[in-house]
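Down below is the structure, laid out as structure tokens.
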Amino acid sequence: MFSTSSIELSESALKRNIRFLKNSIGPNTKFSSVVKGNAYGHGIREFVPMAERCGVRHFSVFSAAEAHVALRSLVRDSEIMIMGDLADDAMEWAIENCISFYVFDLARLHEAVEKATKLRMKAKIHLEIETGLHRTGLEGQDLLDAIDIIRRNPNKLVVEGVCTHYAGAESSGNYLRIQGQMHRFAQQCEWLKNQNIDIGLRHAACSAAAFVYPDSILDMVRIGIAQYGFWPSKETEMHYVLQHGQQATDKVKNRDPLRRVITWKSRVMSIKKVEKGDFVGYGNTYLTMRKEKVGVVPIGYSDGFSRNLSNLGHVLVRGRRAPVVGVVNMNSMMINITEIPGVEVGDEVVILGKQNRMQISVGSFSDMTRYMNYEILVRLPGETPRIVVK
Ligand SMILES: *Cc1c(COP(=O)(O)O)cnc(C)c1O
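In numbering that gives the first Met the number 0, the protein residues as written are 0 to 389.
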């Protein structure tokens, strides 16, 4: 209530993205929707049921806290998988609620056996294998011991999957490292099968890997950024365009198969006329060169609009681009509306997304600052209301 901005989520855009992504990965691969980081800023509560309506039945989160929100948001009987942290009593809660989780060390595996015994239920685990990211993952003697524990506890543990994560598939600079990881993962999966244990689903690919390294699309993919309608990087997009060269040269509008799901809107809070030769806002970063009209938008760096966009960013008002002038404040920013006739207090301001024919992309934020798509999105505050639109 009474919020300074709102976020719209387009269900039709998501439906298209999911259809396109499922077509790309093929019918034999399970699609897991990655909704960590509050669904990349889109809002888990609104995004999860919307994704379920678009046919998604598997969600991946980082932490038990996120799994908790996701579970309460489910409308269908979708599965939830925790890829990272399990704090305090979270494991017991996860097992009770049939939520699967990654196992990347022996302590967690022992605990899983213990908790499953106590609850008289089976723990669903995904064995994370070290292949070269060197973040989390089982290797060497630990992996051998893990196999042993799994073999001795068939009534306590179900291996739902075996997985790994790549060290930056969105950048061609990592090509050799990713190739090495793919090779090691294939070897390890083969070796595990020869140990006579059922390894369940093999999964490794994120959005970029699914596009750039088709061989990484195994039994399941974990897709984050692309389902929200963003390419993981310009390189990944270029790779796609080159692979589908025919379409790239077509004069067809909207040939980008990914549609942005999010639109972030606010409004003009107040308007002021400033004389020629005056500074606008804190300090002296912006000096008027003539009589100018300045609008104030109640969005600032506390809302995730970076201070780095001071005197650099743009927003849309009345279908035109209005530049940010002066420094971005904690709760507001000033925009130059001198060139846009008829702007009134209360007019819609689009910070991210489309207005009439104009559009502000997340990419344009990234071009002006050092942030990646991912970082801009997850900075959107959790409290901002999310509205699902057609
Ligand atoms: C974030 C994440 C993904 C999804 O990555 P995208 O690039 O957003 O598709 C997949 N797997 C793991 C382990 C992750 O942490």
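Glycine residues also receive a C-beta, built at the ideal position from the N, C-alpha and C atoms.
Keep in mind it's a predicted model, so treat the numbers as computed, not measured.
Going along the chain, which residues of its own chain have a beta-carbon closer than 8 angstroms to the beta-carbon of residue i, five neighbours each way excluded?
i	result
Ser-2	Glu-382, Thr-383 and Pro-384
Pro-48	Ser-72, Leu-73 and Val-74
With a CB to CB cut of under 6 angstroms and the five nearest residues on each side skipped, what residues in its chain are close to residue i?
i	result
Ala-247	Only weak support is given to the placement of Ala-247: the predicted model assigns it a pLDDT of 49, under 50, and the question is left unresolved by the model.
Ala-204	Ser-215, Ile-216 and Val-220
Leu-376	Tyr-39 and Gly-40
Glu-138	Glu-129
Val-324	Val-279, Tyr-285, Met-333 and Asn-335
Gln-187	Ile-128
Ala-122	Ile-94, Ala-111, Ala-115 and Leu-156
Gly-42	Arg-385
Arg-44	Ser-72
Ala-66	Val-60, Ile-79, Ile-81 and Ile-98
Arg-201	Val-161, Cys-188, Leu-217 and Asp-218
What are the start and end residues of the alpha helix (DSSP H) that includes residue i?
i	result
Pro-380	From DSSP, Pro-380 is part of no alpha helix (DSSP H); its letter is neither H nor E.
Leu-20	10 to 24
Gly-160	Per DSSP, Gly-160 belongs to no alpha helix (DSSP H); it is in the beta strand (DSSP E), 156 to 162.
Met-333	Not the alpha helix (DSSP H): Met-333 falls in the beta strand (DSSP E), residues 332 to 335.
Glu-148	Correcting the residue type first, residue 148 is Ile in the shown sequence and not Glu. Ile-148 -> alpha helix (DSSP H) spans 139 to 151.
Val-47	43 to 52
Whose C-beta lies closer than 7 angstroms to the C-beta of residue i among residues of the same chain, with five residues either side of it excluded?
i	result
Ser-171	Glu-234
Glu-110	Met-90
Using a 10 Å radius around the Cβ and a threshold of 16 neighbouring Cβ atoms, would you call residue i buried or exposed?
i	result
Val-344	exposed
Trp-263	buried
Val-74	exposed
Glu-291	buried
Val-388	exposed
Ile-79	buried
Leu-20	buried
Ala-64	exposed
Tyr-212	buried
Ser-269	exposed
His-164	buried
Asn-37	buried
Arg-150	exposed
Need the endpoints of the beta strand (DSSP E) that residue i sits in, please.
i	result
Phe-100	99 to 102
Arg-385	385 to 388
Taking three-plus beta-carbon pairs below 8 angstroms as touching, is the region 357 to 366 in contact with the region 321 to 337? As far as the Cβ criterion goes, the region 357 to 366 does not touch the region 321 to 337, which means the pair count is below three.
Could you tell me which whole alpha helix (DSSP H) segments of length 4 or greater appear in the region 244 to 322? The alpha helix (DSSP H) runs lying completely inside the region 244 to 322 and spanning 4 residues or more are 244 to 248, given in chain order.
Whole beta strand (DSSP E) elements within the region 56 to 88, 3-residue minimum: As far as the region 56 to 88 is concerned, its whole beta strand (DSSP E) runs of at least 3 residues are 57 to 60 and 78 to 81.
Taking contact to mean at least 3 C-beta pairs separated by less than 8 angstroms, is the region 46 to 53 in contact with the region 5 to 25? Contact holds: three or more Cβ-Cβ distances are below 8 angstroms.
Three or more C-beta pairs under 8 angstroms: does that hold for the region 56 to 66 against the region 80 to 87? Contact between the region 56 to 66 and the region 80 to 87 is present, with at least three C-beta pairs closer than 8 angstroms.
Examine the Cβ distances between the region 141 to 149 and the region 159 to 178 and report whether three or more of them are shorter than 8 angstroms. The way I'd put it, the region 141 to 149 doesn't touch the region 159 to 178; fewer than three beta-carbon pairs between them come closer than 8 angstroms.
Which ranges does the alpha helix (DSSP H) cover as unbroken runs of at least 4 residues, wholly within the region 169 to 240, from first to last along the chain? 174 to 193 and 206 to 211, all fully within the region 169 to 240.
Do the region 292 to 307 and the region 223 to 238 make contact, defined as three or more Cβ pairs closer than 8 angstroms? No: fewer than three Cβ pairs fall under 8 angstroms.
Pairing CB atoms from the region 114 to 121 with CB atoms from the region 142 to 157, are three or more of them under 8 angstroms? With a cut-off of 8 angstroms on Cβ pairs, the region 114 to 121 is in contact with the region 142 to 157, counting three or more such pairs.
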